[in-house]
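Chemist:
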Amino acid sequence: MKGISDSVQLHVMPVPAALSPSPEDRWYDKHMDMDSEDLTACGHPFLPDDKGRTKHSCQCSRPAVLLRAREAAQFLRPRQRRAYQVFEEAKQGHLERECVEEVCSKEEAREVFENDPETEYFYPRYQECLRKYGKPEDKNPNFAPCVQNLPDQCTPNPCDKKGTQLCQDLMGNFYCLCKAGWEGRLCNKDVNECAQKNGGCSQVCHNKPGSFQCACHSGFSLASDGRNCQDVDECADLNTCGDARCKNLPGSYSCLCDKGYTYSSQEKACQDVDECQQGRCEQTCVNSPGSYTCHCDGRGGLKLSPDMDTCEDILPCVPFAMAKSVKSLYLGRMFSGTPVIRLRFKRLQPTRLLAEFDFRTFDPEGVLFFAGGRSDSTWIVLGLRAGRLELQLRYNGVGRITSSGPIINHGMWQTISVEELERNLVIKVNKDAVMKIAVAGELFQLERGLYHLNLTVGGIPFKENDLVQPINPRLDGCMRSWNWLNGEDSAIQETVKANTKMQCFSVTERGSFFPGNAFAFYSLNYRVLLALVGDNHVVPLSVALVDYHSTKKLKKQLVVLAVEDIALALMEIKVCDSQEHIVTVSLRDGEATLEVDGTKGQSEVSATQLQERLDTLEKHLQGTVLTFVGGLPDVPVTSAPVTAYYRGCMTLEVNQKVLDLDEASYKHSDITSHSCPPVEHATL
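Using full-length UniProt numbering, you'd call the opening residue of the sequence shown number 1 and step up by one each time.
1. Once the 5 residues before and after residue 563 are set aside, which same chain residues still bring their CB inside 7 angstroms of it?
2. Between residue 294 and residue 308, how many whole angstroms is the CB-CB distance? I'm expecting something under 8 angstroms.
3. Specify the secondary structure class of residue 190 as computed by DSSP and reduced to three states.
4. Relative to the C-alpha of residue 573, which residue among 567, 558, 452 is closest?
5. Count the other CB atoms within 10 Å of the CB of residue 259; is the residue buried (16 or more) or exposed (fewer)?
6. For residue 455 and residue 446, I'd like the C-alpha separation in whole angstroms.
7. Judging by CA-CA distance, which residue of 319, 640, 287, 277 is the nearest neighbour of residue 577?
8. Does the segment 480-499 come within contact of the segment 596-612, defined as at least 3 CB pairs closer than 8 angstroms?
9. On the criterion of 16 or more Cβ atoms from any shown chain inside 10 Å, does residue 479 qualify as buried, or is it exposed?
10. State the DSSP-derived secondary structure class of residue 411, mapped to helix, strand or coil.
11. I'd like the list of long-range same chain contacts for residue 670, defined as Cβ closer than 6 angstroms, with 5 residues on each side in sequence excluded.
12. Locate the alpha helix (DSSP H) running through residue 608, then write down its first and last residues.
13. Rounding to the nearest angstrom, what Cα-Cα distance links residue 141 and residue 149 in this structure?
14. For residue 186 and residue 176, which I take to be in contact (beta-carbon distance under 8 angstroms), what is that distance rounded to the nearest angstrom?
15. Can you tell me whether residue 317 is buried or exposed? The criterion is at least 16 other CB atoms within 10 Å of its CB, across all chains shown.
16. For the 8 angstroms Cβ check, are there 3 or more pairs between the segment 492-502 and the segment 594-602?
17. Once DSSP output is grouped into helix, strand and coil, what is the label at residue 645?
18. Can at least three beta-carbon pairs, one atom from the segment 242-255 and one from the segment 267-285, be found at a separation below 8 angstroms?
19. What is the rounded straight-line gap between the Cα of residue 346 and the Cα of residue 408?
20. Taking residue 122 as part of the alpha helix (DSSP H), name the residues at either end of that continuous run.
21. Between the segment 405-420 and the segment 336-346, can you find at least three pairs of beta-carbon atoms closer than 8 angstroms?
22. Out of curiosity, what's the CA-to-CA distance linking residue 109 and residue 129?
23. Determine the direct distance from the alpha carbon of residue 664 to that of residue 512, and round the result to whole angstroms.
24. When DSSP labels each residue in this structure, what does residue 477 get in the three-state scheme?
25. Three-state secondary structure (DSSP) at residue 245?
26. By how many angstroms is the C-alpha of residue 284 removed from the C-alpha of residue 430?
27. Apart from the five residues on each side of it in sequence, which residues of its chain come closer than 8 angstroms, Cβ to Cβ, to residue 538?
28. Check whether the Cβ atoms of residue 302 and residue 313 lie closer than 9 angstroms to each other.
29. Which first and last residues belong to the beta strand (DSSP E) in which residue 364 is found?
30. Nearest CA to the CA of residue 580: which residue from 652, 627, 629?
31. Quick check on residue 165 - is its C-beta less than 9 angstroms from some C-beta in chain B?
32. Would you please state the rounded distance, in angstroms, between the beta carbons of residue 174 and residue 168? I believe it to be under 8 angstroms.
33. Can you give me the C-alpha to C-alpha distance between residue 504 and residue 321, rounded to a whole angstrom?
34. Assuming the contact rule is C-beta atoms closer than 8 angstroms, residue 674 and residue 476 should be a hit. Round their C-beta distance to whole Å, please.
35. By the DSSP assignment, the beta strand (DSSP E) with residue 400 in it spans what residues?
36. Please classify residue 381 as buried or exposed, where buried requires at least 16 other C-beta atoms within 10 Å of its C-beta.
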C-alpha cells in the first residue's frame, strides 16, 4: 500500500463477526507490506473488490481522527485479528481433532489451515513434535502443547525483547510491534533520533538504545521541555569568584579584578601583578598594590617620559638671560670664603693705597677686598653688613670698625673708591665721601728693604675670627672697571676673560639662582624646611616640582609636598609661565598644608595616613637631618617623588626668616646666592 499519504483519516469500527474472510483474503492480509509507511483507513469497513479483498480507497462521512501511517497500521492489526477470531477458534478445534488426537498427514493439515503458507510452516514442525514426544497414542503430556503452539508464530517470541512492545501472530508469519526508538523486523535496531535535526535538541543530542537525551554545553542547563538549553548564572553564587567581581557570560562567567591585579582561580582572589618583573620601566621600578611606579635618575638629568615608563632628558622650559660679561669679576665663586683674586705689590719707595671699582650686588653681607699685611699687623677690610659699607682696620695691633653711607645692595651699579691719604683713609660712593677715618701708620709695610702690600678680592687671607668683628666673607657681588694702584693689575683681566666662572651675569635680579646641577645644604635645628635628608639617605620631607602625577600616571605640572616617597599634598601650577609663584608649606600637629599663590593644594592622603606620615617625620626629626635646597645628595631614586635638581630662581623663607645661602654649610659654586639672571623673553 505504498504511495499513499503519510497521514490518514481513520474512523475505527469493529468488523462484524459475520464478515468471514476467505482463506485467500487471510493470506493476502498476512502478506501485505506490514512495514509500509503509508496506510489509509476509513470509519467504514474496507470495500471488498471482486476477489473479496479490501480496496485502498474509502469514503468517510463521519468526523476524522488524524493518525500517522505506522500508527494506523499498528492500530488496525489487532482489530483485524479480532475479526478473524471466530475463524481461528474454529481452526484450533480442527487442529485438535486432526493432528493432536491422531496423527495427521500434510493434506489433512492443509484442510485445517486452508492455505499453503501456514501449512508449510506448520507441518515440518509438527513432524518434529512427533519425533520428540511420540505419537498421540503414546500419551506424552508434552505432545499436545507442542502441536497446539505451532500455529502461533510468536511462540517462542522471535522479536527482540528490549525493543518490542508485542509480537503479533500472522499467517505463517509474525509482526513485531516496536517500542518508540526501535525499528527493524525484529525491533532490534536502535533508531538514531540525533541523526535528524539533532533530535530536536538545541545543543547536544546523545543517542541511547531505544531513546535519546538532550544535553547542554558547560555553563548551560536543560530547560523544562528537555530540549532547549538556558544559560546558568554562575554569579548568583556569591562564592563563585571570591573577592573578585563576577561577570556572567553566555555559557560561562568571568572573574574580574581591578587594573594591576590578576585573578587566581586557586585562591579565588585578586592578586597583585608585579609589573616590575615584566620589565615595564627603563630604569628603576617600584611595585605597589595594584600599580607600579617608574623612576628616572633625576640627578643624572633624566625624568619620566609621557609614557610614564621610559626616561628622557630634563630640558629647560624657561630660558634665562645667562649671558656673561668678560669685563666683570664675580666675587661669590669661592663658597669657602677664600679670595677669588690675590695680588702682592712690592715697592722700593713708600706707596699709598688707591683702589677704585664699580660694584653691583643684592647681597647684604660679605667682603669686598682686603689690603695689608699679616693678621696681627696692619690691614684693612672693606665689606658690607646689612647692605651698607663697613670698614674694619687694624693698625699696629689696634683694631676698630666703622660703618656708614647709603644702602648699596639694591642691584644697581655704583662706583666705590678707597684712598689712603696721609694719616687718613677716605671711602667714597659715586664720588661722595661716606667715611673718613684717621689712621696711624701705612698699609705698605717695610720688610727686607722693600715695601710690601697684600691685596685680596672677595675674601680674606686669614680666618674670620681674626677680624675685629666676624663677618660672613661670602659675597654674591660683581665688580667691573677695577683699578688697583693705578692699573698695575692688568693680569687680572686676562685671567677673568679665560674663565667664565669668574665672570658675572650681564643682567641680574634679586633671588638665588640654581643652574640645575647643584644644591646647597644646611645643618640647622628647626623642624620644617624644603628638603630634609637623614643619615641613612632617607628623605623625611621634601617640596618639589614635577611634571607628572605618579599614581594617576598623568602629565601635568605640580608642586608636591611629600614625606619620604609618599605625597601628602599637591597643587597644579603652570611652572613654565616665566612668572614668580609663592609656595607656602605649613606642618603642624595633625595638619600638613601646601599653598601656591594663596590657593590650597589637594590632599593626597586620608587623615589617618597623614598622621602616620607626620609621626614618621617626627621620628626622623629626633635624629640628625640636613636641609637641602635645589637638589638632593646621592640618595636612591625611590627615596622621594623627585630627585632631579631644581633649575631657576628662588628665595626661601623658613619660619618667616629669609634663608641666606651664604650661611649654608655647603653651596655649590655654580649657585648664585643673591642674584639671578632674568627670564629671556622672545623677541618678535
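Just so you know, even glycine gets a beta-carbon here, dropped at the ideal spot from N, CA and C.
Being a predicted model, the structure only gives us computed values, none of them experimental.
Modeler: In this structure, then:
1. 540, 541, 613, 616, 617
2. 6 angstroms
3. In this structure, residue 190 counts as strand in the three-state DSSP scheme.
4. 558
5. Answer is exposed; the Cβ neighbour count stays below 16.
6. 16 angstroms
7. 319
8. Not touching, per the Cβ criterion.
9. Residue 479 is buried by the Cβ-count criterion.
10. coil
11. The answer, listed in chain order, is 515, 518.
12. 607-621
13. Straight-line Cα distance between these residues: approximately 14 angstroms.
14. 6 angstroms
15. exposed
16. no
17. coil
18. As far as the Cβ criterion goes, the segment 242-255 touches the segment 267-285, which means the pair count is three or higher.
19. 33 angstroms
20. 116-133
21. no
22. 14 angstroms
23. 13 angstroms
24. strand
25. strand
26. In this structure, the CA atom of residue 430 is about 58 angstroms from the CA atom of residue 284.
27. 564, 620, 635, 639
28. yes
29. It is not in any beta strand (DSSP E) - residue 364 carries neither H nor E in the DSSP assignment.
30. 652
31. No chain B appears in the structure shown, which is made up of a single protein chain.
32. 6 angstroms
33. 12 angstroms
34. Yes, they are in contact, since the Cβ atoms of residue 674 and residue 476 sit about 4 angstroms apart, within 8 angstroms.
35. 398-404
36. Here residue 381 is buried. Its C-beta has 16 or more other C-beta atoms within 10 Å.
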